[in-house]
Amino acid sequence: MPYLMKDDPQVARIIQDEESRVENTLNLIAAENHAPRSVLEAQGSIFSLKAAEGFPGNRFHAGCRHADALESLAVSRAKDLYGADHANVQPHSGVSANLAVYFSVLDVGERILSMKLSHGGHLSHGDAASMTSRCFNFQHYGLNLKTEQIDYDELENLAKAFEPRMIVAGASSYPRLIDYERVAEIAQSVSALLLVDMAHIAGLVAARVIPSPVPHADFVTFTTYKTLRAGRGGIILCKQKYADRINRSIFPGGQGTPSLNLIAAKAVCFHLALADDFVQLQKDTLINASCFAAEFERLGYRMVSGGTENHLVLIDLRSKGLTGALAEETLESVGIIVNRNVIPADPERPEVSSGIRIGSPAITTRGMLEPEVRQIARMMDSAMSNIENAQILKQVAREVQDLCKQFPIKK
Ligand code: DSN
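Position in the sequence shown counted from 1, then plus 38, gives you our numbering.
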């Protein structure tokens, strides 16, 4: 970063420190990943400066010839990758994408049925703390507290009683697959539209290693920096008949000029997602998550829902006498980055939580496989079982460093 170093060494050093933190820690945050350097180059490109309100062929600024070529390419790649009728690649984030879907077809105050945040849903699915809950009338479905999985019969009963205009499926901390066919049937039976928010699993779906919601849903939204590895940003896919309404809802409805640099990164990632090594990466991501669940169970931990079918596991720490917050802090002190997470019917406040959420995407991108996953689980157990033992924590921190050196982040 020669120019940045010259103009603002303070910021340059903070960026270098972050690069070093990422390289020298194990990232188990289920919502994150390491992106290829080509994606970061596209994100940092000249396109970050271009004003281009509107859509390809219909802009409110001149000089958009290359912007149009770029956005058209990203749209056509997104449609091909997911088999969608229409793609809007402009949302700045997942929340922007969800808001645009709600406002595209619903009037303020209309009813939406979605999964509750405390059982794995997302803030933008109408949580009380999110402005989405002030714009629409949300009711929430949860998990069956015995199976800790979605109870589709209960969802159906709620839909019949509430008569929502839209049902939202998709979650941030749900380790199971969702039966989209069943949710679509329920939505149709009450004449509701179906939005699937597949932010966490967009890479797994792109690689076709888990089922796709696209054939079943009216709208599919996702962020691009998680399993998909495209850097920050959001996408909306939809049936052709909603294409114009979705576009208007993004611009001029909810956003101004798109972030063309992020669109460039999205286009690169859609291209890379077609390669065989991306498909293998997503297969390994699933295998590694299952391996985490098996190893933690062997070590005496309880997996919420009894295991995983995707890239994440949710661990209930209560039997170990730990809170999520304490585990998160202890693990960070040895270089293992996780996030505390509420478990269904959690007795603790969200800031404290009784669980941790562990994701396999980033370590899999580094090339780690089952032997390393078992080693990481044992290191985590060692740290979490010895939170007061400075010597053991130091030893685990050294092991983390060694593992990071053995598996440098690929450029
Ligand atoms: N949705 C948040 C998460 O799952 O951590 C971040 O995007």
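Don't be surprised by glycine CBs; every beta carbon is placed ideally from N, CA and C.
Everything numeric in this text was worked out from a predicted model, so none of it was measured.
Report task. Please list the segments of the beta strand (DSSP E) lying wholly inside the region 175-229, counting only runs of 3 or more residues, in order along the chain. Result -> 175-179 and 204-207
Query raised in the report: Would you call G397 buried or exposed, if buried means 16 or more other Cβ atoms sit within 10 Å of its Cβ?
Result: buried
Query raised in the report: Are the region 289-299 and the region 82-91 touching, with three or more C-beta to C-beta distances below 8 angstroms?
Result: yes
Query raised in the report: Straight-line CA distance for Y218 to M204?
Result: 14 angstroms
Query raised in the report: Who are the near neighbours of R115 in its chain, counting only those whose CB is closer than 7 angstroms to its CB and skipping five residues on each side?
Result: A305, F308 and H309
Report task. Measure the alpha-carbon distance for G147 versus M43 and round it to whole angstroms. Result -> 51 angstroms
Query raised in the report: In terms of residues, what are the limits of the alpha helix (DSSP H) holding T403?
Result: P399 to T403
Query raised in the report: Does the Cβ-Cβ distance between L312 and V247 come in under 7 angstroms?
Result: no
Report task. List the endpoints of the continuous beta strand (DSSP E) containing H124. Result -> H124 to N126
Query raised in the report: Closest to N348 by CA distance: which of A240, V438, E389 and G180 is it?
Result: A240
Query raised in the report: DSSP three-state call for V146: helix, strand or coil?
Result: coil
Requested in this report: On a CA-only basis, which of P253, P382 and G291 is nearest I394? Give me that one, please.
Outcome: P382
Query raised in the report: Within 10 angstroms of its Cβ, does S211 collect 16 or more other Cβ (buried), or is it exposed?
Result: buried
Query raised in the report: Is it the case that the CB of S210 approaches a heavy atom of the ligand DSN more closely than 6 angstroms?
Result: yes
Query - CB contact flag (L161, Y179, <7 angstroms) - result: no
Query - Cβ shell of S168 (< 6 angstroms), same chain only, five flanking positions each side left out - result: L161 and S162
Requested in this report: Report yes or no: do three or more beta-carbon pairs, one from the region 363-381 and one from the region 430-446, lie closer than 8 angstroms?
Outcome: yes
Query - I353 - DSSP class collapsed to helix/strand/coil - result: strand
Query raised in the report: In this structure, does DSSP put S168 in helix, strand or coil?
Result: coil
Query raised in the report: Using 8 angstroms as the threshold, is the region 286-295 in touch with the region 212-232, meaning 3 or more CB pairs across them?
Result: no
Query raised in the report: For the ligand DSN, is there a heavy atom less than 6 angstroms away from the beta-carbon of A69?
Result: yes
Query - Rounded separation between D419 and L337 - CA only - result: 8 angstroms
Query raised in the report: Just how far apart, CA to CA, sit Y280 and F176?
Result: 22 angstroms
Query - Under 7 angstroms between C-beta atoms of V113 and V127 - result: yes
Query raised in the report: So what does DSSP say about C276, is it helix, strand or coil?
Result: strand
**Report entry** alpha helix (DSSP H) segment containing L98, residue limits
**Finding:** Reading off the sequence, residue 98 comes out as Phe, not Leu. Segment: none, F98 is in no alpha helix (DSSP H) and carries neither H nor E.
Report task. Excluding the 5 residues preceding and the 5 following E410 in the sequence, name in chain order all residues of the same chain whose CB lies nearer than 8 angstroms to its CB. Result -> I401, L441 and F445
Requested in this report: Would you mind sorting H104 into buried or exposed? The rule is 16 or more other CB atoms within 10 Å of its CB.
Outcome: exposed
Report task. Determine, using beta carbons only, whether L451 and F200 come nearer to each other than 7 angstroms. Result -> As shown, the chain starts at 39 and ends at 449. That puts residue 451 outside it, with no answer to give.
Query raised in the report: Which residue comes first and which comes last in the alpha helix (DSSP H) that contains T261?
Result: Per DSSP, T261 belongs to no alpha helix (DSSP H); it is in the beta strand (DSSP E), F257 to T261.
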